[in-house]
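Below is the structure:
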């Protein structure tokens, strides 16, 4: 098998493993997957960075911090009315939380590690503000503000529950950032796939019309595949999505008129 194809397939398998494990991989797992392909240890840094960009956290790996300027506040003029209301309620909830001192944090961390569930809950509550601090860096990247906050909160909960005695703030921030990166990457990938599919549907439509004029009949799937330099399976997939899109469009039209 071509080395590039093998590398791509291995990377895809690794992404599937990461998805199954909640977006976290160990360096050992990555080394195991690429043990027969990568000999230079320095090349693993490329893979770690790629995974980080996809929102996947590699245990024990800290990517170099980006030097781009990060906004300190959310530009509320870009929010929908629903998002503004959500944010206002969330900020009001945060304002009602008693600030946590360093002494309380230290005591709670010890209690949590001893199995105290109330300490765990108070640590989460007392650090929800970190989600708001980190939120501006991920705003305006295709994800609704409420979804970002929810994912950030889940990351905070994971960070608190996995704390093992290192720098607490850095540890939970890493998990919050990882969670927000993951949902942004997921949305970006979804948008890219949708854009590519729309382009292929448009190409299919143009090609189908062209061949119909030339042949005096509708082109077969095989003829479309040859003209588009692809295989019949992709033609069938594009046709299916094209029909699905039309069905949704018609349904929206019908039900939209019914609602009126």
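Residue numbers (the numbering used here): 14 to 273.
Yeah, the Cβ is synthetic: ideal placement off N, Cα and C, and Gly gets one too.
Which residue marks the beginning of the alpha helix (DSSP H) containing residue i, and which one marks its end?
{"i": "residue 88", "result": "Note, residue 88: premise wrong, no alpha helix (DSSP H); not H, not E."}
{"i": "residue 160", "result": "158-174"}
{"i": "residue 237", "result": "234-240"}
{"i": "residue 114", "result": "Where residue 114 is concerned, there is no enclosing alpha helix (DSSP H), given that its DSSP letter is neither H nor E."}
{"i": "residue 136", "result": "130-139"}
{"i": "residue 147", "result": "142-147"}
With a CB to CB cut of under 7 angstroms and the five nearest residues on each side skipped, what residues in its chain are close to residue i?
{"i": "residue 40", "result": "71, 72, 73 and 74"}
{"i": "residue 23", "result": "46, 47 and 50"}
{"i": "residue 200", "result": "155 and 156"}
{"i": "residue 113", "result": "139"}
{"i": "residue 244", "result": "238"}
{"i": "residue 213", "result": "251"}
{"i": "residue 125", "result": "132, 133 and 136"}
Determine whether the beta carbon atoms of residue i and residue j lie at a separation below 8 angstroms.
{"i": "residue 133", "j": "residue 185", "result": "no"}
{"i": "residue 38", "j": "residue 31", "result": "yes"}
{"i": "residue 158", "j": "residue 107", "result": "no"}
{"i": "residue 12", "j": "residue 46", "result": "Look at the range of the chain in this structure, 14 to 273, and you will see that residue 12 is not part of it."}
{"i": "residue 36", "j": "residue 69", "result": "yes"}
{"i": "residue 189", "j": "residue 143", "result": "yes"}
{"i": "residue 197", "j": "residue 155", "result": "yes"}
{"i": "residue 191", "j": "residue 168", "result": "yes"}
{"i": "residue 110", "j": "residue 138", "result": "yes"}
{"i": "residue 140", "j": "residue 87", "result": "no"}
{"i": "residue 136", "j": "residue 148", "result": "no"}
{"i": "residue 215", "j": "residue 232", "result": "no"}
{"i": "residue 193", "j": "residue 165", "result": "yes"}
{"i": "residue 181", "j": "residue 118", "result": "yes"}
What residues in its chain sit with their C-beta under 8 angstroms from that of residue i, if we drop five residues either side in the sequence?
{"i": "residue 217", "result": "237, 241, 248, 251, 252 and 255"}
{"i": "residue 89", "result": "97 and 100"}
{"i": "residue 91", "result": "152 and 153"}
{"i": "residue 175", "result": "184 and 188"}
Check whether chain B comes within 8 angstroms of residue i, counting only Cβ atoms and requiring the distance to be less than that.
{"i": "residue 118", "result": "Going by chain labels, chain B is absent from the structure shown, which holds only one protein chain."}
Which residues share a DSSP beta bridge with residue i?
{"i": "residue 71", "result": "38"}
Report all residues from its chain with a CB closer than 6 angstroms to the CB of residue i; omit the five preceding and five following residues, and keep chain order.
{"i": "residue 28", "result": "none"}
{"i": "residue 195", "result": "36 and 68"}
{"i": "residue 178", "result": "none"}
{"i": "residue 94", "result": "none"}
{"i": "residue 170", "result": "137"}
Considering only heavy atoms of the ligand ADP, does any lie closer than 7 angstroms to the CB of residue i?
{"i": "residue 66", "result": "Judged by which ligands are present, the structure shown has none, so any question about the ligand ADP falls away."}
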